[in-house]
Amino acid sequence: QKEVEQDPGPLSVPEGAIVSLNCTYSNSAFQYFMWYRQYSRKGPELLMYTYSSGNKEDGRFTAQVDKSSKYISLFIRDSQPSDSATYLCAMRRKTSYDKVIFGPGTSLSVIP
Amino acid sequence: DTEVTQTPKHLVMGMTNKKSLKCEQHMGHRAMYWYKQKAKKPPELMFVYSYEKLSINESVPSRFSPECPNSSLLNLHLHALQPEDSALYLCASSPQGQGAEFGREQYFGPGTRLTVT
Chain P
169 QKEVEQDPGP LSVPEGAIVS LNCTYSNSAF QYFMWYRQYS RKGPELLMYT YSSGNKEDGR
229 FTAQVDKSSK YISLFIRDSQ PSDSATYLCA MRRKTSYDKV IFGPGTSLSV IP
Chain A
130 DTEVTQTPKH LVMGMTNKKS LKCEQHMGHR AMYWYKQKAK KPPELMFVYS YEKLSINESV
190 PSRFSPECPN SSLLNLHLHA LQPEDSALYL CASSPQGQGA EFGREQYFGP GTRLTVT
């Protein structure tokens with residue numbers, strides 16, 4: 169079983185839809201959770217990070233962590249064509265010099 | 130300034146060449162990273178520098194040699210690469226140089242697209 173799993177998609181939605189992107193993980197020691205957006209042929213861009221369980225909102229983006237289910241989500245409201253990208257979840261333990269583990273990424277297309 | 134810059138953007142090299150990739154950040158970050166990313170795959174960690182010292186080497190072949198001359202610069206020296214080393218090489222930095230929050234926020238550069246012929 170991989171440490172972090174993510175549906176690769178592709179996910180295609182109409183403009184204005186609410187998008188739900190999800191990751192599951194197996195290591196209960198993960199404490200920090202991040203979401204990155206990566207446009208084609210560009211480096212990943214940090215969108216959100218959260219610590220432990222709960223919700224965090226930033227504009228049209230909401231990150232949700234459910235540690236009991238080992239499940240994290242990113243919701244995008246009022247999706248725009250410019251949101252079309254690959255979304256990578258990432259996480260790490262709360263220990264020194266520990267590396268971040270990335271999920272494989274979900275490809276999202278928002279159709280005008 | 131929240132930018133990580135990388136040069137060159139593209140690089141084509143033969144298997145006998147020696148070349149270097151460069152990365153720069155002026156955000157005062159104390160940790161810097163090299164990642165390799167193949168198409169449709171997540172980034173794979175190669176090296177981590179913390180306070181200009183190598184702290185993580187993910188068993189990368191010796192044909193890749195990292196260097197951190199100062200807190201703002203990170204180089205990756207390439208020698209005798211193989212065609213399978215063709216990939217997007219990403220540099221990243223994060224504010225926390227050590228401790229439990231090390232690596233939590235990583236800011237990536239645009240990458241160098243490397244082709245080995």
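So the sequences go chain by chain: P and A.
Just so you know, we're using the working numbering here: the first sequence kicks off at 169 and counts up by one.
Just so you know, we're using the working numbering here: the second sequence kicks off at 130 and counts up by one.
Beta carbons are placed, not taken as given, at the ideal position from N, Cα and C, and that holds for glycine.
What in chain A is Cβ-close to residue i, meaning under 9 Å?
i                     : result
residue 224 (chain P) : Near residue 224 (chain P) there are no residues of chain A at all, since even the closest Cβ is about 13 Å away, more than 9 Å.
residue 260 (chain P) : 231, 232, 233
Comparing the C-beta of residue i with each C-beta of chain P, is any distance below 8 Å?
i                     : result
residue 235 (chain A) : yes
residue 184 (chain A) : yes
By the three-class DSSP mapping on this structure, what secondary structure does residue i have?
i                     : result
residue 247 (chain A) : No answer is possible for residue 247 (chain A): the residues shown for chain A start at 130 and end at 246.
residue 249 (chain P) : helix
residue 186 (chain P) : coil
residue 170 (chain A) : coil
residue 233 (chain A) : coil
residue 262 (chain P) : coil
Run through chain A and tell me which residues come within less than 7 Å of residue i, C-beta to C-beta.
i                     : result
residue 256 (chain P) : 171
residue 268 (chain P) : 232, 235
Does the Cβ of residue i have 16 or more other Cβ atoms within 10 Å, making it buried, or fewer, making it exposed?
i                     : result
residue 155 (chain A) : exposed
residue 183 (chain A) : exposed
residue 172 (chain A) : buried
residue 197 (chain P) : exposed
residue 260 (chain P) : buried
residue 186 (chain P) : exposed
Compare the C-beta of residue i against all C-beta atoms of chain A and say whether one is closer than 8 Å.
i                     : result
residue 177 (chain P) : no
residue 271 (chain P) : yes
residue 214 (chain P) : yes
For a contact meaning CB atoms closer than 8 Å, what does residue i contact in chain P?
i                     : result
residue 239 (chain A) : 210, 211
Which chain P residues sit within Cβ distance under 7 Å of residue i?
i                     : result
residue 174 (chain A) : 267
Apart from the five residues just before and just after residue i, which ones in its own chain have a Cβ nearer than 8 Å to its Cβ?
i                     : result
residue 201 (chain A) : 153, 154, 155
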